[in-house]
Amino acid sequence: MSFSEFLSITDIAPLTSPSEIKLTLIVNGHTTLESGLDVTGDLKINTNKFTVESTTGNTTIGGTLEVTNNSEFNGTVDVDNNFAVRNGTTDKFTVASSTGNTVIVGELNVNSAVDLDSTLNVDAGATFQDNVTLNADNKMFKIQTNAGVDKFTVD
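Structure, rendered in structure tokens:
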């Protein structure tokens, strides 16, 4: 069955044999497909709300993507805005896109070396389970009061 003119279906009309429609099919009601849907051109929902480019598979979603179950990414995940891991509405891990500042609510456990290129600020106690080595030429080891007054200095 082939349609090359305008097709108008006003009631439920199942097409039971292979059909080819060579013009635009406009459906004003609900559509149910009981088998697969093969699309060889671009797929667009409401112009730009959800698109899939036929030549690349690139997908654009113009709204929020909510995934109920697990997701797997086998390539780079590129985030152009802030990044947050949440429990409900409570942020547990955030990265600010403008600065890279990272906030972690919870314990950070690192199983390999850590290289800090700036200041380490510890607001609570610190426990070291092994030797502590301070290695710097022409630098001072100081213990100070909260006001910055030296109490103990080693050159």
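All letters in the sequence shown, in the order written, are residues 10 to 164 by our numbering. From the three backbone atoms N, C-alpha and C, an ideal C-beta is built for every residue, glycine too.
### Message
Per DSSP, what are the beta-bridge partners of residue 35 in this structure?
### Response
Residue 35 sits at position 26 when you count from the first residue of the sequence shown. According to DSSP, residue 35 bridges with nothing at all.
### Query
Which of helix, strand or coil does DSSP assign to residue 82?
Sequence index remark: in the sequence shown, residue 82 carries index 73 (1-based). In this structure, DSSP gives residue 82 a state outside helix and strand, which the three-state scheme calls coil.
#### Entry: residue 72 versus residue 122: straight-line alpha-carbon distance, rounded
Position 63 of the sequence shown, counted from the first residue, corresponds to residue 72. Position 113 of the sequence shown, counted from the first residue, corresponds to residue 122. So the two alpha carbons sit approximately 40 angstroms from each other.
### Message
Looking at residue 148: is its Cβ nearer than 8 angstroms to the Cβ of residue 162?
### Response
Taking the first residue of the sequence shown as 1, we reach residue 148 at position 139. Taking the first residue of the sequence shown as 1, we reach residue 162 at position 153. Cβ distance not < 8 angstroms, so residue 148 and residue 162 don't count as in contact.
### Cα-Cα separation between residue 35 and residue 64, rounded to whole angstroms
Stepping through the sequence shown from its first residue, residue 35 is reached at position 26. Stepping through the sequence shown from its first residue, residue 64 is reached at position 55. Rounded to the nearest angstrom, the two C-alpha atoms are 24 angstroms apart.
#### Entry: For residue 96: DSSP bridge partner residues
For the purposes of this step, residue 96 is taken as residue 87 along the sequence shown, with counting starting at 1. For residue 96, which the question treats as bridged, DSSP gives the partners 99.
### Close beta carbons around residue 70, own chain, < 7 angstroms, minus the five adjacent residues each side
Here residue 70 refers to the residue found at position 61 of the sequence shown. Closer than 7 angstroms at Cβ, skipping near neighbours: 59.
### Task
Determine the direct distance from the alpha carbon of residue 91 to that of residue 120, and round the result to whole angstroms.
For the purposes of this step, residue 120 is identified with residue 111 of the sequence shown, where counting begins at 1. For the purposes of this step, residue 91 is identified with residue 82 of the sequence shown, where counting begins at 1. CA-CA distance, residue 120 to residue 91, rounds to 27 angstroms.
### Query
Mapping DSSP to helix, strand and coil, what is residue 11?
Sequence index remark: in the sequence shown, residue 11 carries index 2 (1-based). With a pLDDT of 49 at residue 11, under the threshold of 50, the modelled position of that residue is not reliable, and no figure is offered here.
### Query
Helix, strand or coil: which one does DSSP assign to residue 61?
For the purposes of this step, residue 61 is identified with residue 52 of the sequence shown, where counting begins at 1. It is a strand residue.
### Query
Is it right to say residue 158 is buried, meaning 16 or more other beta carbons lie within 10 angstroms of its own, or is it exposed?
Here residue 158 refers to the residue found at position 149 of the sequence shown. An exposed status is given to residue 158, since fewer than 16 other beta-carbon atoms sit within 10 Å of its beta-carbon.
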